[in-house]
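Residue 56 is where the sequence shown starts when you use my numbering, and the numbers rise one by one after that. From the three backbone atoms N, C-alpha and C, an ideal C-beta is built for every residue, glycine too.
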Amino acid sequence: LAKKIQKRLMPEPPYENKHYDISAYSEAAREVGGDYFDIVESEKEEKTFVIIGDISGKGIAAALYMMRVQTIIQFLIENHSEPKKIIIDLKKYFAKKLEKEYFLSLSIASIDKGGKIRYSNAGHLPLLHYKSKEKSFVDVNPAGIGIGFNDKGIFEKTLAEEKVKTETNDILCFYTDGVTEAMNSTKLQFGKERLQRIIAENCDKSIDEIKNKILLTINNFRGVAEVNDDISIVLLKTK
Numbered sequence: 056l057a058k059k060i061q062k063r064l065m066p067e068p069p070y071e072n073k074h075y076d077i078s079a080y081s082e083a084a085r086e087v088g089g090d091y092f093d094i095v096e097s098e099k100e101e102k103t104f105v106i107i108g109d110i111s112g113k114g115i116a117a118a119l120y121m122m123r124v125q126t127i128i129q130f131l132i133e134n135h136s137e138p139k140k141i142i143i144d145l146k147k148y149f150a151k152k153l154e155k156e157y158f159l160s161l162s163i164a165s166i167d168k169g170g171k172i173r174y175s176n177a178g179h180l181p182l183l184h185y186k187s188k189e190k191s192f193v194d195v196n197p198a199g200i201g202i203g204f205n206d207k208g209i210f211e212k213t214l215a216e217e218k219v220k221t222e223t224n225d226i227l228c229f230y231t232d233g234v235t236e237a238m239n240s241t242k243l244q245f246g247k248e249r250l251q252r253i254i255a256e257n258c259d260k261s262i263d264e265i266k267n268k269i270l271l272t273i274n275n276f277r278g279v280a281e282v283n284d285d286i287s288i289v290l291l292k293t294k
């Protein structure tokens, strides 16, 4: 039942945006998990927000925290247009209720009506940007630490925001560590290089095909080994 409820709370395809094709997937290691992604349209701000996050731990406790994160962010999006400001206010409302053994990493990107992207990252994995013209990857990683640490005021001072410039057929990959840290039976990790290779080798395909290729390769790599962590991925391809 909890799994069904959590799945219902995730956004369902198709994800519409006039500047980007979007595809996404999330899989919990147990019945429910601590990964979270959302794609939120703000009519007031005329923006699309892409959010991905990971709460430490797995299972019911992590899932409940992520439901709270989703609720707060959806409220804040209607009042703020900047990813950095949303994250700062999320910390204000969320961290005070967070048990000491838990912490949250999270990144938010906003896409305005002209297709321009602003991106902020609170201790999450960098945004992976495949540049189609150069056939190369760039990590977009503005400064920021996770939510839930005893940061003594450093969080707000260090959190940064960057503009992300894309061109036709560029690919943006938001992901949680369950993707790159997926393990096979010998405890070998899938790794970032494999993820990049799949994106580069399939860059001419649709965004859904790229996503499916990534998931198929992870499953084949994992083999008979159990799922060791929640997996979430959101892919954007510039039209």
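C-alpha distance - residue i paired with residue j, whole-angstrom precision
i	j	result
L159	C258	31 Å
S261	K155	42 Å
E189	K218	19 Å
H74	G170	6 Å
G201	L214	10 Å
L153	T221	36 Å
S175	D167	15 Å
H184	V193	5 Å
L131	D263	29 Å
M65	L182	20 Å
I254	T103	23 Å
N87	S191	For clarity, residue 87 is Val in the given sequence; the question names Asn instead. Roughly 35 Å between the two C-alpha positions.
K59	E101	31 Å
P197	F204	18 Å
P69	A79	10 Å
N134	G112	30 Å
E216	G114	31 Å
L56	L119	13 Å
I163	I110	15 Å
K242	S287	20 Å
M122	L145	13 Å
Spatially closest choice to residue i from the options, by CA coordinates
i	options	result
A237	L270, E101, P68	L270
F92	E98, K62, L56	K62
D225	K59, D76, F210	D76
D284	E82, P68, S78	E82
D206	S187, E101, G178, A84	G178
E281	M121, R85, F204	R85
S187	K292, A79, A198, I110	K292
K139	T103, P66, S165, C228	S165
S136	Q251, I172, G233	I172
A150	I163, V124, T231, S162	V124
S240	L56, F276, S97, K294	F276
K294	Y148, T223, E67	T223
A116	Y157, K242, T126, N274	Y157
L161	G89, E98, K99	G89
Run of the alpha helix (DSSP H) containing residue i, from where it starts to where it stops
i	result
Y120	114-132
I107	Counting along the chain, I107 falls outside any alpha helix (DSSP H), though it belongs to the beta strand (DSSP E) covering 102-110.
L145	138-149
Terminal residues of the beta strand (DSSP E) in which residue i lies
i	result
F158	Per DSSP, F158 belongs to no beta strand (DSSP E) and is neither H nor E.
K186	182-186
A57	From DSSP, A57 is part of no beta strand (DSSP E) but of the alpha helix (DSSP H) over 57-64.
F192	191-195
Y174	172-177
I200	Counting along the chain, I200 falls outside any beta strand (DSSP E), and DSSP gives it neither H nor E.
Presumed contact (8 Å Cβ cut-off) between residue i and residue j, rounded CB distance
i	j	result
I141	V289	So it is not a contact: roughly 17 Å between Cβ atoms.
E211	I143	6 Å
F229	V105	6 Å
R249	T272	7 Å
Give, in chain order, every unbroken run of the beta strand (DSSP E) that is at least 3 residues long and sits entirely within the region 207-284. 216-219, 226-230
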